[in-house]
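A quick write-up on the structure given underneath.
Residue numbers (this note's numbering): 4 to 197.
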């Protein structure tokens, strides 16, 4: 190819879809043989996601609502409310379907985080996005979680006890031996004013 042909925008080298520019090659199209399709597995179940994603992402973010941030390799923070699905390729690539939160510094953010650029929905209502997991450095939660008081294990019935209690209640109902609890009796009793 001559220098004049190389400078021409219509010059195509070897029918491969590559145009020779004076100092580099520019891709202008693909041939059918070059397109490769990767088989993808879509994961939406949090338990499955916990097996395929880093622990905190799979356990806390997939299918759950909250206020989270993904610190990206660019230094920006992508604000999200949930991860709706993970797409896993056989080549090791992982893409995350996320719901974006509003842009801007979250309320109560530490001074060290305030200097970050917080990305969110580009326009109101445009909440869906896909993120390459390889571009995520860390994930953070923006809402302080309140500790929940767990019931004493001795008070919590086992699954077998729950099934037994339900079977007994169903049998009593079938035999007409259903007892009404005191709150239900009070609600069913007529008032003296009536």
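Ideal Cβ placement from N, Cα and C applies to all residues, glycine included.
For residue 55, the uninterrupted alpha helix (DSSP H) segment begins and ends at 49–55. Contact between the segment 97–111 and the segment 73–89 is present, with at least three C-beta pairs closer than 8 Å. Rounded to whole angstroms, residue 137 and residue 91 show a C-alpha spacing of 12 Å. Burial of residue 56 is indicated by the presence of at least 16 other C-beta atoms within 10 angstroms of its C-beta. Beta-bridge pairing by DSSP links residue 120 to no other residue. Between residue 106 and residue 124 the beta-carbon gap is near 7 Å, inside 8 Å, which marks them as a contact. Burial is judged here by how many other beta carbons sit within 10 angstroms of a residue's own beta carbon; residue 170 has fewer than 16 and is exposed. Per the coordinates, the alpha-carbon of residue 46 lies some 39 Å from the alpha-carbon of residue 172. Per DSSP, the unbroken beta strand (DSSP E) holding residue 71 starts and ends at 71–75.
Beta-bridge partners of residue 84 (DSSP): none assigned. Annotated as distal: residue 48 and residue 71, with beta-carbon spacing of 9 Å or more. Assigned with DSSP and collapsed to three states, residue 62 falls in helix. Judged by their CB atoms, residue 74 and residue 134 are not nearer to each other than the 9 Å cut-off. Residue nearest to residue 93 within the set 116, 43, 118 and 59 is 43 (criterion: CA-CA distance).
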